[in-house]
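Trainee:
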Ligand SMILES: *Cc1c(COP(=O)(O)O)cnc(C)c1O
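In our numbering, the protein residues as written are -8 to 350.
1) In terms of DSSP beta bridges, what is residue 85 paired with?
2) Indicate, with yes or no, if ligand 2 has a heavy atom lying under 6 Å from the CB of residue 202.
3) Please say whether residue 286 and residue 148 have beta carbons closer to each other than 7 Å?
4) Beta strand (DSSP E) containing residue 175: first to last residue?
5) Within 6 Å: the Cβ of residue 74 and any heavy atom of ligand 1?
6) For a test of the three-state rule: what should DSSP assign to residue 231, helix, strand or coil?
7) Taking the alpha carbon of residue 206 as the reference point, which residue from 77, 14, 338, 144 has its own alpha carbon closest?
8) Among 209, 300, 229, 243, which residue has its Cα nearest to the Cα of residue 26?
9) Take residue 34 and list the residues in its own chain whose beta-carbon comes closer than 8 Å to its own, dropping the five residues that flank it on each side.
10) Is residue 48 near ligand 1, judged by its Cβ being under 6 Å from some heavy atom?
11) Can you tell me the Cα-Cα spacing of residue 151 and residue 44, whole angstroms?
12) Please state whether the Cβ-Cβ distance between residue 171 and residue 142 is less than 7 Å.
13) Between residue 140 and residue 98, which are expected to be in contact by the criterion C-beta below 8 Å, what is the C-beta distance as a whole number of angstroms?
14) Find out if the Cβ-Cβ distance for the pair residue 36, residue 245 is shorter than 7 Å.
15) Under 8 Å Cβ to Cβ from residue 51, same chain only, skipping five residues before and after it: list those, please.
16) Helix, strand or coil for residue 127? Go by DSSP, reduced to three states.
17) Answer yes or no: the CB of residue 106 versus the heavy atoms of ligand 1, is any distance below 6 Å?
18) In chain order, what residues of the same chain have a beta carbon less than 6 Å from the beta carbon of residue 112, not counting five sequence neighbours either side?
19) Would you say the segment 332 to 344 touches the segment 306 to 319, given that touching needs at least three Cβ pairs under 8 Å?
20) What three-state label does DSSP hand residue 310 in the structure shown?
21) What is the DSSP secondary structure of residue 346, reduced to helix, strand or coil?
22) Kindly confirm or deny that the segment 261 to 277 and the segment 176 to 189 touch, where touching means at least three C-beta pairs closer than 8 Å.
23) Quick check: the segment 7 to 21 against the segment 314 to 331, are at least 3 beta-carbon pairs closer than 8 Å?
24) Assuming contact is defined by CB atoms lying nearer than 7 Å, are residue 290 and residue 327 in contact in what I supplied?
25) Is the separation between the beta-carbon of residue 250 and that of residue 30 shorter than 7 Å?
26) Less than 7 Å between the C-beta atoms of residue 61 and residue 71, yes or no?
27) Please classify residue 185 as buried or exposed, where buried requires at least 16 neighbouring CB atoms within 10 angstroms.
28) Does ligand 1 have even one heavy atom less than 6 Å from the beta-carbon of residue 215?
Shown next as C-alpha cells:
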C-alpha cells in the first residue's frame, strides 16, 4: 500500500527569531521590529474600523494602498505591487522571475551572508542558486554578480551585516544583468543607504521591495510592496492571482494607507531610532565591540573577549533577547536591534557588568 509520507513535499523552513507572548519584562532586540508604536493615525483607523465591511472581500489589487504608495514614490500605480509583508512579495517574485516555465532552471546569485530566507524560497521553488562570498569586511564585490545566469537578489542595507552598498554598485549589478531580474530588498532603507528606486527610470529588470514591518512599526499587520516597471509588476500580479486573489485584509490596506499619510510621524520615529543607534554604537565601541557601520535599525557586533553564543545566552537569562546565527561567518557576532533609549541603556548596563568584557 502507498504511504502518503513518501509523497509529501518536505521543505526546510526559515527560522524566525523567537516571538514570545508579550511580556513587560522582556527587552526584545531580536527581530528588528520598531520599538515605538505605529502612527496614531493608524491607531485611529483601527479603532474606527467598520467591522461590517469585513463581510466583503477586500479589493484584489489593494487599490487604496497601491495608489497611496504610487503617489508617495512618484510612480504609476501599475508600478506598485502590494502583499502580506515583503516576505510574501519576495516569495512571489522568486516564483515569478527566478522559476519561469519553459526555461532550464539557471542559478540565481546572492551573497553568502544575507537574509536567510532567500535560500529557503529557492529550495521551496526548486530554483538553483550560488552564494557569492562577501569580502572580509562584508562589502559586496559587484564583479561577482556580472551575468548571473538566473538573476540576482540583494538586501540593501544587508541583513544581518547592517552594511549599505552604494547606489553606483547596485547600478553596476543591474546594468550587468539586463537579461535577468535583479531584486533589491530595501527592508531597512529608511534607516540609511541609497534607494535603487531612481534606477527604475533606466532599467526594466529591477524590482525593489519594501516593508512596513521595520520603519513603519507594522510587523504585526503584514504589509509589504514592490516597485518596478509596469510589465514586471503585471507578471507578479498574475502569479498572485494564480494562487490567492485576496492576500491583504481590509484592515491591513486601510491602516497601511494611514501610515503612508503620516509622513511627519514616520520621519520622527526613524530619526529617534537613528539617534539611539549612534549612541549605542558609541557606547558599544567604548566597551570594545566592533561592528560594520550600520545603515539599518540594528548593529552586527562582536567582541574579542566574549564568545557570542555565551553572551547571547547570558543576555537571554536577563530577559534581553538578541539574535545569534550559528553559521561559519556569523558565529562570532550578535545582531542587536536598536530599541528605545531605555532598552539600549538596559543592554549597556548588563554589558558594563559582564565579566568577560572586563577581564
Ligand atoms: C524583515 C525583513 C524582511 C521581511 O519583512 P516582512 O515583515 O515580511 O515585510 C525582508 N527582508 C529582510 C532583509 C528583512 O530583514
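All C-beta atoms in this analysis are idealised placements derived from N, C-alpha and C, irrespective of residue type, glycine included. Predicted, not measured: the structure shown is a model, and the values here were computed from it.
Mentor: For this structure:
1) Counting from 1 along the chain shown, the entry for residue 85 is found at position 94. Answer is none; residue 85 lacks a bridge partner.
2) As for ligand 2, it is missing from this structure, which binds only ligand 1.
3) For the purposes of this step, residue 148 is taken as the residue at position 157 of the chain shown. For the purposes of this step, residue 286 is taken as the residue at position 295 of the chain shown. Yes.
4) Position 184 of the chain shown, counted from the first residue, corresponds to residue 175. Taken as a continuous stretch (DSSP letters only), the beta strand (DSSP E) holding residue 175 covers 173 to 176.
5) Position 83 of the chain shown, counted from the first residue, corresponds to residue 74. Incorrect: residue 74 has no Cβ contact closer than 6 Å to ligand 1.
6) For the purposes of this step, residue 231 is identified with residue 240 of the chain shown, where counting begins at 1. DSSP places residue 231 within a helical segment (H, G or I) once states are collapsed to three.
7) Working through the chain shown from its first residue, we reach residue 206 at position 215. That would be 77, whose Cα lies nearest to the Cα of residue 206.
8) Residue numbering aside, residue 26 sits at position 35 when the chain shown is read from its first letter. The residue with the shortest Cα to Cα distance from residue 26 is 209.
9) The residue labelled residue 34 in the question sits at position 43 within the chain shown. Sequence-distant partners of residue 34 (beyond 5 residues in either direction) whose C-beta falls short of 8 Å from its own C-beta, in its chain, are 28.
10) Reading the chain shown from its first residue, position 57 is the one you call residue 48. No.
11) Residue numbering aside, residue 151 sits at position 160 when the chain shown is read from its first letter. Residue numbering aside, residue 44 sits at position 53 when the chain shown is read from its first letter. Distance between the alpha carbons of residue 151 and residue 44 is about 40 Å.
12) The residue you call residue 171 lines up with position 180 of the chain shown. The residue you call residue 142 lines up with position 151 of the chain shown. Taking 7 Å as the Cβ cut-off, residue 171 and residue 142 qualify as a contacting pair.
13) Counted from its first residue, the chain shown places residue 140 at position 149. Counted from its first residue, the chain shown places residue 98 at position 107. Contact annotation, residue 140 with residue 98: C-beta distance approximately 5 Å; criterion of less than 8 Å satisfied.
14) On the chain shown, residue 36 is found 45 positions in, with the first residue counted as 1. On the chain shown, residue 245 is found 254 positions in, with the first residue counted as 1. Going by beta carbons, residue 36 and residue 245 fall inside the 7 Å limit.
15) By one-based count along the chain shown, residue 51 stands at place 60. So the list reads 232, 236, 237, once near-sequence residues are dropped.
16) By 1-based counting over the chain shown, the position of residue 127 is 136. Residue 127 falls in the coil class under three-state DSSP.
17) In the chain shown, residue 106 corresponds to position 115, counting from 1. Residue 106 Cβ: within cutoff of ligand 1.
18) Position 121 of the chain shown, counting from 1, holds the residue named residue 112. Within the same chain, residue 112 has close Cβ partners 82, 85.
19) Between the segment 332 to 344 and the segment 306 to 319 there are three or more C-beta pairs closer than 8 Å, enough to call the two in contact.
20) Within the chain shown, numbered from 1, the residue matching residue 310 stands at position 319. DSSP places residue 310 in coil when its eight states are reduced to three.
21) Within the chain shown, numbered from 1, the residue matching residue 346 stands at position 355. Correct three-state label for residue 346: helix.
22) Cβ pair count under 8 Å is three or more, so yes.
23) Contact between the segment 314 to 331 and the segment 7 to 21 is present, because at least three Cβ pairs lie under 8 Å.
24) Position 299 of the chain shown, counted from the start, is the residue given in the question as residue 290. Position 336 of the chain shown, counted from the start, is the residue given in the question as residue 327. Against a cut-off of 7 Å, the Cβ pair of residue 327 and residue 290 comes out as a contact.
25) As a working mapping, residue 250 is identified with position 259 in the chain shown. As a working mapping, residue 30 is identified with position 39 in the chain shown. Yes.
26) Numbered from 1 along the chain shown, position 70 holds the residue referred to as residue 61. Numbered from 1 along the chain shown, position 80 holds the residue referred to as residue 71. If you check the CB distance, residue 61 and residue 71 come in under 7 Å.
27) As a first step, residue 185 is located in the chain shown; it is residue number 194 there, counting from the start. Per the 10 Å Cβ criterion, buried.
28) What you label residue 215 is simply residue 224 of the chain shown in a count that begins at 1. Yes, Cβ of residue 215 sits closer than 6 Å to a heavy atom of ligand 1.
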